[in-house]
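Here's the structure we're looking at; comments come further down.
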DNA sequence: TAAGGAAGCGACGCTAGGTT
DNA sequence: AACCTAGCGTCGCTTCCTTA
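In our numbering, the protein residues as written are 13 to 373.
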């Protein structure tokens, strides 16, 4: 509801820093302002006196409610050393985070920081009323529009404006979700001010820019982690260049940096992101000698959209004939998720060139 | 009859509490 | 401290009902 998330997150950051100071006497200061493209994604921190300790914060309300794996994934994807800044980290979570060596601080003084001479581990501080104030301001994302299935629906609605007025059954069909889901999503969008109804059975998206940003955040948090198949590696460093458009033969597409490079020419891809359909996946892995490796630079995700052929002709207008790349919306999200400065720069370009204009009312 | 809404159900994931 | 387990809430599906 309240989309002043930046403010709330800044508050949360401040509260957590204060709490850490009270517990340890260490000051955490913000040395970097907002991120790119209105989406605040990250803030850098350092501990005063130890100039070397820099973290990139992942500010997270409702840390308890979010998927733990996704959370760790997100924090680890921050550039440099990621740090979770949360409203409240319960003891269980604290242990798990420490095990995985994920630094965190929360608003009630729990913390884990393990950097060379410095070792801090505080857990068990209770969730106080103060933290609850933040909670009270907006309920957790319990609305259906930004849940995994809702994200699918919103995606096809944004990409296919005519579809907004189509019968629920059609929307459900194209988005690949159940009929019952569509009503929930539409109502949630209405309530959030992202959709209006007029005349008889007419609907229209509203506030599309903000919707897009919300979609990106929700996509990264709720849906993409579920699509993640794993990290892979291969001997030939430039296999992806050789493959290029041939990737469509495997029913797969480039995402992230490769897609961004193709769209803007502003990037030399280091991490390779692929979205692949169920069919053709094994062939893709085998014929290109990709094998699983925890540190591999090839990130593979499942596609969440249905085959484009079923979408009708309207969709082609939006894909810009880049049939070997995923939608710019997804590329944009992929880039933001890395947090890498050059990627953020490129994300901005993609936003300006391919997303901003369509998002106008 | 076509379309949206509601009920009910199962699957899943998280939490708290107990046990080893 | 690490591991189970039961309990509970949420999500999303299918099916049925209501309304124009």
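Heads up, the beta-carbon is just placed ideally off N, CA and C, and yes, glycines get one too.
Quantities reported herein were computed from a predicted structural model and do not represent experimental measurements.
Problem set entry | Exposed unless 16 or more other CB atoms sit within 10 angstroms - verdict on residue 115 | buried
Problem set entry | Rounded distance between the beta-carbons of residue 101 and residue 70, thought under 8 Å | Wrong, their Cβ atoms sit about 13 Å apart, outside the cutoff.
Exercise. Which residue or residues does DSSP assign as beta-bridge partners of residue 124?
Worked result: 116, 133
Exercise. Using CA coordinates, which residue listed in 241, 286, 364, 269 is at the minimum distance from residue 279?
Worked result: 269
Exercise. What separation, rounded to the nearest whole angstrom, lies between the Cα atoms of residue 190 and residue 184?
Worked result: 6 Å
Exercise. Looking at residue 157 and residue 228, is the spacing between their C-beta atoms short of 8 Å?
Worked result: no
For this session: Over the uninterrupted beta strand (DSSP E) stretch that includes residue 243, give me the two end residues.
Result: 240-245
For this session: Give the single residue among 285, 339, 272 whose Cα lies nearest to the Cα of residue 356.
Result: 272
Problem set entry | residue 170 and residue 239 closer than 8 Å at C-beta | no
Problem set entry | residue 50 - DSSP class collapsed to helix/strand/coil | Since pLDDT at residue 50 reaches only 31, below the 50 mark, its modelled position is unreliable, and the value read off the structure follows with that caveat. Three-state result, residue 50: coil.
Problem set entry | Among 172, 134, 243, 249, the one whose alpha carbon lies nearest that of residue 215 | 172
Exercise. Residue 253 and residue 266 look like a contact to me (Cβ under 8 Å); what is the Cβ gap, rounded to whole Å?
Worked result: No, residue 253 and residue 266 are not in contact; Cβ-Cβ is about 11 Å, not under 8 Å.
For this session: Give the single residue among 84, 309, 134 whose Cα lies nearest to the Cα of residue 112.
Result: 84
Exercise. Do you know how far the Cα of residue 309 is from the Cα of residue 282?
Worked result: 7 Å
For this session: Put residue 156 into one of helix, strand or coil per three-state DSSP.
Result: helix
For this session: Grab the span of the beta strand (DSSP E) containing residue 98 for me, first residue to last.
Result: 94-98
Exercise. Alpha helix (DSSP H) containing residue 267: first to last residue?
Worked result: Not the alpha helix (DSSP H): residue 267 falls in the beta strand (DSSP E), residues 264-267.
Problem set entry | Proximity winner among 123, 246, 256, relative to residue 27 (alpha-carbon distances) | 123
For this session: Using beta-carbon positions only, say whether residue 180 and residue 236 come within less than 8 Å of one another.
Result: no
Exercise. Alpha carbon to alpha carbon, what distance is there between residue 316 and residue 133?
Worked result: 39 Å
Exercise. Can you tell me whether residue 41 is buried or exposed, with buried defined as 16 or more other CB within 10 angstroms of its CB?
Worked result: exposed
Exercise. Can you round the beta-carbon distance between residue 135 and residue 103 to whole angstroms, since I take them to be within the 8 Å contact cut?
Worked result: 5 Å
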